[in-house]
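Residue numbers (UniProt numbering), protein chains in the order written: chain P, 1 to 351; chain H, 1 to 351. I have placed the structure first, in the form of C-alpha cells, so that the comments after it can refer back to it.
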C-alpha cells in the first residue's frame with residue numbers, strides 16, 4: 001500500500017518481476033478489494049499470490065514513532081516484515097515511508113549478532129556500471145567499527161550484485177591523503193588496510209567525485225553525508241536534464257538536432273533513470289528488506305523486487321554472517337556518535 | 001604561481017578581468033622573469049601591474065603544515081596574503097593548494113572577532129541561477145553557533161553577489177521535518193527561526209537535491225558534508241556529460257542530430273561550466289581571499305578575480321562585521337566537534 005502510488009504500482013510491478021522470475025510467490029499485504037481488483041488484470045500474478053488483508057496503512061507522512069505506535073502488528077508494512085521474521089516470506093519489499101520501514105524492521109527483525117546498527121545500501125549508476133553505496137540514510141554518525149562493518153556488509157552485497165569475489169571498497173572522505181578527515185574514518189581505513197581479511201580489497205579513501213567514476217565497487221560512509229551525497233547526485237541529474245531540455249529548445253537547429261538524436265536521448269535517460277537501479281537494501285538485519293523509491297513506476301518497483309530476489313537467491317544474510325565472523329576489529333570499539341535507536345529510526349532516504 | 005598551470009593561466013586571466021574592471025591594480029607575486037615574459041603579450045595589464053619577485057612556490061602536493069614551514073614569509077602565496085594584511089592589496093586571489101592557502105590565511109590574517117572558524121563558500125549553479133554554499137571544505141564538524149555564523153556570513157556574501165537585501169538561507173539536513181538530523185543542525189535551525197534577525201530570511205532545512213533546485217540563496221552545512229556534496233555534484237555533471245557524449249555517438253542519426261544541436265550543447269556546457277562560477281570565497285577572516293579552481297583556464301581565473309573585486313567593492317568584510325554584531329546566539333555556545341586549527345587546515349576543497 002506504500003509509496004506515492006500504492007497498489008497501482010506495486011501490483012503491476014510484481015507482475016513484471018514475475019515474468020523475469022517465475023518461481024516467485026507473493027504475499028500481498030493491504031486492502032483486499034483494491035488488490036483483488038488490480039490482480040484481475042494479471043492472472044499469472046493472481047495465481048502466484050496470496051492476499052493478506054489489512055486496513056491499517058503507514059502513510060508517507062507518519063513519523064517512525066507514530067508508525068510504530070499506530071501500525072505495530074496491524075499495518076501492511078509491519079505484517080510484511082513480520083512474514084520475514086516468521087519465515088513465511090524470504091524478503092519484504094516496500095515503496096513506503098523509509099523511516100517507518102527501518103524502524104519496524106529494526107524492532108521486529110533485530111540487528112544481526114555482532115552488528116550494532118543497520119545501514120541502507122543503494123546501487124549508484126557510475127561510468128563503469130554501478131557501485132554499492134552505504135549508508136544512505138539509516139543513521140547519523142558512525143564509529144570506526146561501524147564503518148568497518150559496513151565495508152564488510154557492502155562487500156557481501158557487491159559480491160552478489162556484481163558477481164565478483166573480492167569487491168574493491170573505498171571510504172568516503174574529503175581528501176585522498178591519509179592524514180585528512182575525521183578520526184573514525186581514518187581509524188576505519190587503518191583497520192581495513194592492516195587487516196588480513198579476504199572478503200574485500202580495501203582501496204583507500206575516495207572523494208565525492210569518485211563515486212560516479214566507479215573506481216570502487218563499494219563506497220562506505222556514515223548516513224548523514226551518504227544521504228546528502230545521494231540526494232545531491234539525484235538533484236544534479238535532474239538539473240542537468242532540465243538544462244538539456246532547455247538547450248534542445250533554444251533554437252530551430254537544436255530542435256532539428258533533437259529530432260535526429262531523440263533515440264540517443266532515450267538511451268541516456270535509461271542509463272540515468274533511478275528506476276533502473278531502484279531499491280535500497282537494508283543491511284545488518286535478521287532478514288532481507290528492500291526499500292523501493294516512493295515515486296517509482298511499475299518497472300522501478302519490479303527492479304526492487306529483482307534486487308530482493310537476488311539477495312535471497314544468493315544468500316545475502318549468510319554471506320554477511322560469515323563476513324562478520326572474520327571481520328577486522330577497530331582498536332577503539334567504543335560507541336559511535338549519535339548511536340541511538342530513535343535517531344537512527346527518524347532518518348529517511350527518500351519518500 | 002599556483003594551480004595546475006601557474007602564471008600561464010593567472011596572467012591571461014588577470015588580463016581578462018582588467019578589461020571588465022579597468023580600475024584594478026595588480027600585485028603579481030612569483031617568478032619575475034616568467035611573469036615579465038607573459039606580460040609582454042598584455043601591455044595594458046603590464047601597465048596596471050607591479051611584480052613582486054619570489055623563488056619559493058607552494059606546490060599542489062604540499063601539506064598545509066609543510067607549506068607553512070617552508071613557505072612562511074617567503075612564498076608567493078604567503079606574500080600575496082601578507083599584502084592584504086598590510087593593506088597593500090584589497091584581496092588575494094590564488095589558484096594554488098587550498099589547504100595551504102587556508103592555513104596561511106588563518107595564520108596571517110586571523111579570524112574576525114567573534115568568529116571561531118573561517119569557512120569556504122562557493123557559488124553553485126542552480127535551476128534558478130546560483131546559490132552560495134558553505135562550508136565546502138574549511139573544517140570538519142560545526143557547532144550550532146558556527147552554523148549560525150556561517151548563515152550570517154553566507155547571507156552577507158549573497159547580498160553582494162545576488163544584489164538582494166534579505167537572502168533566503170537553508171540548513172542542509174537529511175530530512176525536511178524539524179525532528180530529523182544532528183543536534184547541532186537542529187539547534188542552529190531553532191536559533192535562526194527564533195531570532196529577530198533582519199539580515200536573512202531563514203527558510204528551514206533543505207536536502208541535497210534542493211541545492212540544484214535553487215530554492216534558497218544560501219545553503220549552510222559543515223565542511224565534511226559540504227565538501228562531499230560539492231564533489232559529488234561535480235562528479236555527477238562529468239558523468240552525465242560523458243553519458244551524453246556516448247549517446248551522441250551511438251548512431252548515425254544521433255551524430256547528425258549532434259551536428260544540428262551543437263550550438264545548444266555549447267550553451268549547456270557554459271551553463272554547467274565550473275569555470276563560469278569559479279572561485280571559493282574564504283569567509284570569516286580579516287581580509288578577502290579567493291581560491292580559484294586549480295585546473296581552471298584564464299576565463300575561470302578571471303571569474304575568481306571578478307568575485308574578489310565584487311567582495312571588495314561592495315564591502316564584504318564590513319557587512320560580515322555588522323552581521324556578526326547582531327547575530328543570533330545559540331543556547332549551547334560550546335566548542336564544536338573537531339574544532340582544531342590543524343584539522344581545519346588539513347582540508348582541501350579541490351586542487
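Built from N, CA and C at the ideal position, the CB exists for glycine as well.
Grouping DSSP H, G and I as helix and E and B as strand, with all else coil, what is residue 291 of chain H? Strand, per DSSP.
Give the interface partners of residue 247 of chain H over in chain P, defined as CB-CB distance under 7 Å, in chain order. Per Cβ cutoff of 7 Å: 264, 265, 267, 268.
Between residue 310 of chain H and residue 161 of chain H, what straight-line distance do the alpha-carbon atoms span, to the nearest angstrom? About 7 Å.
Thinking C-alpha only, which one of H:49, H:27, H:264, H:76 is nearest residue 105 of chain H? Minimum Cα distance to residue 105 of chain H is reached at H:76.
Check whether the segment 189-206 of chain P touches the segment 189-207 of chain H, taking contact to mean three or more Cβ pairs, one atom from each stretch, closer than 8 Å. As far as the Cβ criterion goes, the segment 189-206 of chain P does not touch the segment 189-207 of chain H, which means the pair count is below three.
Quick check on residue 370 of chain H: does DSSP put it in helix, strand or coil? No statement about residue 370 of chain H is possible, as the shown extent of chain H runs from 1 to 351 and does not include it.
Just to confirm my understanding: we take residue 72 of chain H, look at its own chain, exclude 5 residues before and 5 after, and list those with CB closer than 8 Å. What are they? Only 78, 104, 107 meet the Cβ criterion.
Going straight from the alpha carbon of residue 306 of chain P to that of residue 150 of chain P, what length do you get? Cα-Cα distance, rounded: 22 Å.
Within 7 Å (strictly less), CB to CB, does residue 394 of chain H reach chain P? Absent from the model: residue 394 of chain H. The displayed extent of chain H is 1 to 351, so no value can be given.
Does the distance from the CB of residue 121 of chain H to the CB of residue 157 of chain H come in under 7 Å? Taking 7 Å as the Cβ cut-off, residue 121 of chain H and residue 157 of chain H qualify as a contacting pair.
Express the C-alpha separation of residue 83 of chain P and residue 137 of chain H in angstroms, rounding to a whole number. Each residue's alpha carbon lies about 46 Å from the other.
Just the C-alpha distance for residue 222 of chain P and residue 124 of chain P, rounded to the nearest angstrom, thanks. Linking residue 222 of chain P to residue 124 of chain P through their CA atoms gives a straight-line distance of about 16 Å.
Listed in chain order, which residues of the segment 46-70 of chain H have Cβ atoms closer than 8 Å to some Cβ of chain P? Taken in chain order, the members of the segment 46-70 of chain H whose beta-carbon sits within less than 8 Å of a beta-carbon on chain P are 63.
Tell me whether the beta-carbon of residue 45 of chain H lies closer than 7 Å to the beta-carbon of residue 67 of chain H. Here residue 45 of chain H is not near residue 67 of chain H, since their CB atoms are 7 Å or more apart.
Anything in the segment 226-241 of chain P with a Cβ closer than 9 Å to a Cβ of chain H? List those residues in chain order, please. Listed in chain order, the positions of the segment 226-241 of chain P with a beta carbon within less than 9 Å of a beta carbon of chain H are 226, 227, 228, 229, 230, 231, 232, 233, 234, 235, 236, 237, 238, 239, 240, 241.
Give me the subset of the segment 307-318 of chain P whose CB atoms are less than 8 Å from a CB atom of chain H, sorted by chain position. From the segment 307-318 of chain P, no residue has a Cβ closer than 8 Å to chain H.
Rounded to whole angstroms, what is the Cα-Cα separation between residue 61 of chain H and residue 112 of chain H? Separation of residue 61 of chain H and residue 112 of chain H (C-alpha to C-alpha, rounded to the nearest whole angstrom) is 29 Å.
Distance cutoff 7 Å, beta carbons only. Does residue 186 of chain H sit that close to anything in chain P? So no, residue 186 of chain H is outside the interface.
With a Cβ-Cβ cutoff of 7 Å, do residue 330 of chain H and residue 152 of chain H count as a contact? No, Cβ-Cβ distance for residue 330 of chain H and residue 152 of chain H is not below 7 Å.
Using 7 Å as the limit for Cβ to Cβ distance, is residue 253 of chain H near chain P? In terms of beta-carbon proximity, residue 253 of chain H lines the interface with chain P, with at least one pair separated by less than 7 Å.
Count the other CB atoms within 10 Å of the CB of residue 175 of chain H; is the residue buried (16 or more) or exposed (fewer)? In this structure residue 175 of chain H is buried. Its beta-carbon is surrounded by 16 or more other beta-carbon atoms within 10 angstroms.
Neighbour-count burial assignment, residue 316 of chain H, 16 or more Cβ in a 10 Å radius: Looking at its Cβ environment, which holds 16 or more other Cβ atoms inside 10 Å, residue 316 of chain H is buried.
Tell me, to the nearest whole angstrom, how far the beta carbon of residue 246 of chain P is from that of residue 260 of chain H; I am working on the premise that it is less than 8 Å. Contact between residue 246 of chain P and residue 260 of chain H does not hold, since their C-beta atoms are separated by about 16 Å, which reaches or exceeds 8 Å.
From residue 304 of chain P to residue 292 of chain P, what distance separates their C-alpha atoms? Distance between the alpha carbons of residue 304 of chain P and residue 292 of chain P: 6 Å.
Neighbourhood of residue 295 of chain H by C-beta distance below 6 Å, restricted to the same chain and skipping five residues each side: Hits under 6 Å: 4.
Listing by chain order, which chain H residues have their CB less than 7 Å from the CB of residue 250 of chain P? Per Cβ cutoff of 7 Å: 264, 267.
Pick helix, strand or coil for residue 388 of chain P, following the three-state DSSP scheme. Nothing can be reported for residue 388 of chain P, as the shown portion of chain P is limited to 1 through 351.
Short CB-CB distance (under 7 Å) between residue 154 of chain P and chain H: Judged by the 7 Å Cβ criterion, residue 154 of chain P is not in contact with chain H.
Return the bridge partner residues of residue 94 of chain P from the DSSP annotation. Partner(s): P:291.
Looking at C-alpha atoms only, which residue of H:33, H:299, H:198 is the closest neighbour of residue 20 of chain H? Nearest C-alpha to residue 20 of chain H among H:33, H:299, H:198: H:299.
Determine, for residue 2 of chain H, whether the minimum Cβ-Cβ distance to residues of chain P falls below 7 Å. Not closer than 7 Å to any Cβ of chain P, the Cβ of residue 2 of chain H fails to qualify, so no.
In its own chain, which residues sit with a C-beta less than 7 Å from the C-beta of residue 85 of chain P, not counting the 5 before and 5 after it? Excluding positions up to five away in sequence, the list reads 108, 109, 287.
Hey, is residue 208 of chain H's beta-carbon within less than 7 Å of any beta-carbon in chain P? Yes, residue 208 of chain H counts as interfacial toward chain P.
State the start and end residues of the unbroken alpha helix (DSSP H) segment that holds residue 37 of chain P. Where residue 37 of chain P is concerned, the enclosing alpha helix (DSSP H) stretches over 32-39.
Under the DSSP definition of a beta bridge, which residues are partnered with residue 125 of chain P? Bridge partners of residue 125 of chain P: P:130.
To be precise: take each residue of the segment 113-144 of chain P, compare its Cβ to all Cβ atoms of chain H, and keep it if any distance is under 9 Å. Which residues remain? Those residues of the segment 113-144 of chain P that come within reach of chain H (Cβ to Cβ, closer than 9 Å) are 125, 126, 127, 137, 140, 141.
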